[in-house]
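Participant: First residue of the sequence shown? That's 1 in full-length UniProt numbering, and the numbers climb one at a time after it.
Cβ coordinates follow ideal geometry from the N, Cα and C atoms, glycine included.
Just so it is clear, the structure is predicted and the values come from calculations on it, not from any experiment.
My questions all concern the structure below.
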Amino acid sequence: MSSEKQNENYKNGEQVRREVMGDEFVDRALNNATEFDQPLQDLVMENAWGSTWNRNDLPKDTRSLVTISMLIALKAPNELKGHVRGALRNGVTKEEIRAVIMHASVYCGFPAAIEAMRAAKEIIDTWEG
Numbered sequence: 001m002s003s004e005k006q007n008e009n010y011k012n013g014e015q016v017r018r019e020v021m022g023d024e025f026v027d028r029a030l031n032n033a034t035e036f037d038q039p040l041q042d043l044v045m046e047n048a049w050g051s052t053w054n055r056n057d058l059p060k061d062t063r064s065l066v067t068i069s070m071l072i073a074l075k076a077p078n079e080l081k082g083h084v085r086g087a088l089r090n091g092v093t094k095e096e097i098r099a100v101i102m103h104a105s106v107y108c109g110f111p112a113a114i115e116a117m118r119a120a121k122e123i124i125d126t127w128e129g
């Protein structure tokens, strides 16, 4: 990929990441990056946010629900928390988030769903509080 395309993906990725995750989250991720983990931040910004999240083939609320379901399957509660917050920012309702977790319990297992429900509840309680 050309350097120009990488810079464009990074710039677009940062914009989408800020829309979905919020300025505070993105600023914290970028400001906490070190020389060691900065390459991963760049990769995430360019590829996950600049290429994938920036596509127009799924609306952001649907993309959020899909992401939540995959993070449940991966048993990644810390990433799930960020994406539950992002889903709420994208207009996803708490009922839709709960429905995805309930549905995932059948396919990902009850332990994964229980862990996801705890993580989601923490974020939703804060969001509503």
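Any idea if residue 30 is buried or exposed, counting beta-carbon neighbours within 10 angstroms, 16 or more meaning buried?
Facilitator: Under this definition residue 30 is an exposed residue.
Participant: In three-state DSSP terms, what is residue 82?
Facilitator: Helix, per DSSP.
Participant: Please tell me whether residue 120 and residue 84 are closer than 8 Å, where the distance is taken between their beta carbons.
Facilitator: Yes, these two residues count as a Cβ contact at 8 Å.
Participant: Tell me whether residue 114 is buried or exposed, calling it buried when 16 or more other Cβ atoms sit within 10 Å of its Cβ.
Facilitator: Flag for residue 114 reads exposed.
Participant: Report all residues from its chain with a CB closer than 6 Å to the CB of residue 12; omit the five preceding and five following residues, and keep chain order.
Facilitator: Closer than 6 Å at the Cβ level, and outside the excluded window around residue 12, lie 50, 54.
Participant: Confirm, please, whether the CB-CB distance from residue 73 to residue 104 is below 8 Å.
Facilitator: Taking 8 Å as the Cβ cut-off, residue 104 and residue 73 qualify as a contacting pair.
Participant: With DSSP collapsed to three states, give me the class of residue 25.
Facilitator: In this structure, residue 25 counts as helix in the three-state DSSP scheme.
Participant: When burial is assigned at 16 or more other CB atoms within 10 Å of the CB, is residue 17 buried or exposed?
Facilitator: Buried, since its Cβ has 16 or more Cβ neighbours within 10 Å.
Participant: Check whether the Cβ atoms of residue 127 and residue 88 lie closer than 8 Å to each other.
Facilitator: In this structure, residue 88 lies closer than 8 Å to residue 127 by Cβ.
Participant: Identify whether residue 47 lies in helix, strand or coil by the three-state DSSP scheme.
Facilitator: It is helical.
Participant: If you follow the alpha helix (DSSP H) that residue 118 is part of, which residue opens it and which one closes it?
Facilitator: Residue 118 -> alpha helix (DSSP H) spans 110 to 128.
Participant: Give me the Cα-Cα distance between residue 20 and residue 57, rounded to the nearest whole angstrom.
Facilitator: Cα to Cα, residue 20 sits roughly 16 Å from residue 57.
Participant: Relative to the C-alpha of residue 99, which residue among 69, 27, 42 is closest?
Facilitator: Cα-wise, what sits closest to residue 99 is 69.
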